[in-house]
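**Q** In our numbering, the protein residues as written are 966 to 1194. Got a structure for you, questions after.
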């Protein structure tokens, strides 16, 4: 009788083992299915987010186009080397100015409407300026900028060369206040004068024109023209 009970107990344990393995295998399958479903949901959510970003980007571009904005990427920047061939005259007795910072790459901007004192040369010069399709304020072929007093007076013209290879003819349209070189707030040596309502939105967001006018200043040459005499 005792042997019979032992045999029954042993056989029961043998029968339970496959059942446990079955339940374990079933749990593993359920976990795999749950993992696949979760991963699929995450992939769908990621795809939806990417779609939303794409739609928002298209909407932003459309709104800018309606307002006359021009979006400029780093691969579509104007090449300013061509400006040198468009000069209205020849350089007479070129003279270079000292560069007060060899490391500054930040090129800030200011809206021309901030010049409000009608008794200043800055204001009078603005009355002769025009705005191009990128929002730059220009007097003839010269781009209006603000620099430290050492590069004044207002109306002085320069040909500025940048380490990225670009050359930009500029005219001093304003003088930076409270600095002999760099603007304290952003360490900019040069501040581009613009119409901020039609400037590129990516530049407006960053506050820095370095993606369009690349690098540090390597030369500041006084643009003294024979036909300016």
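Each residue gets a CB set at the ideal place from its N, CA and C atoms; glycine is no exception. Everything numeric in this text was worked out from a predicted model, so none of it was measured.
Please state if the CB of residue 1175 and the CB of residue 1072 are separated by a distance shorter than 8 Å.
**A** Contact: yes.
**Q** Is the beta carbon of residue 1107 less than 8 Å from the beta carbon of residue 1134?
**A** Yes, Cβ-Cβ distance for residue 1107 and residue 1134 is below 8 Å.
**Q** What distance in whole Å lies between the Cβ atoms of residue 1089 and residue 1160, which are believed to be in contact at a cut-off of 8 Å?
**A** Actually they do not touch by this definition, with Cβ atoms about 18 Å apart.
**Q** So, helix, strand or coil for residue 1073, using DSSP?
**A** Three-state result, residue 1073: strand.
**Q** Ends of the beta strand (DSSP E) at residue 1140?
**A** First-last of the beta strand (DSSP E) with residue 1140: 1132 to 1140.
**Q** I need the straight-line Cα distance from residue 1144 to residue 1118, nearest angstrom please.
**A** Residue 1144 and residue 1118: Cα-Cα distance of roughly 15 Å.
**Q** Given this structure, state the Cα-to-Cα distance separating residue 1061 from residue 1131, to the nearest angstrom.
**A** If I take the Cα positions, the gap works out to 17 Å.
**Q** Whole angstroms are fine: how far does the CA of residue 1093 sit from the CA of residue 1241?
**A** Only positions 966 to 1194 of the chain appear in this structure, which leaves residue 1241 out of reach.
**Q** In the DSSP assignment, what are the bridge partners of residue 1000?
**A** In the DSSP output, where bridge partners are listed per residue, residue 1000 has none listed.
**Q** Which of helix, strand or coil does DSSP assign to residue 1184?
**A** In this structure, residue 1184 counts as strand in the three-state DSSP scheme.
**Q** Nearest to residue 1164 by CA position, among 991, 1096 and 1011, is which residue?
**A** Closest option to residue 1164, Cα to Cα, is 1096.
**Q** Mind checking residue 998: buried by the 16 CB within 10 Å criterion, or exposed?
**A** With fewer than 16 other Cβ atoms within 10 Å, it is exposed.
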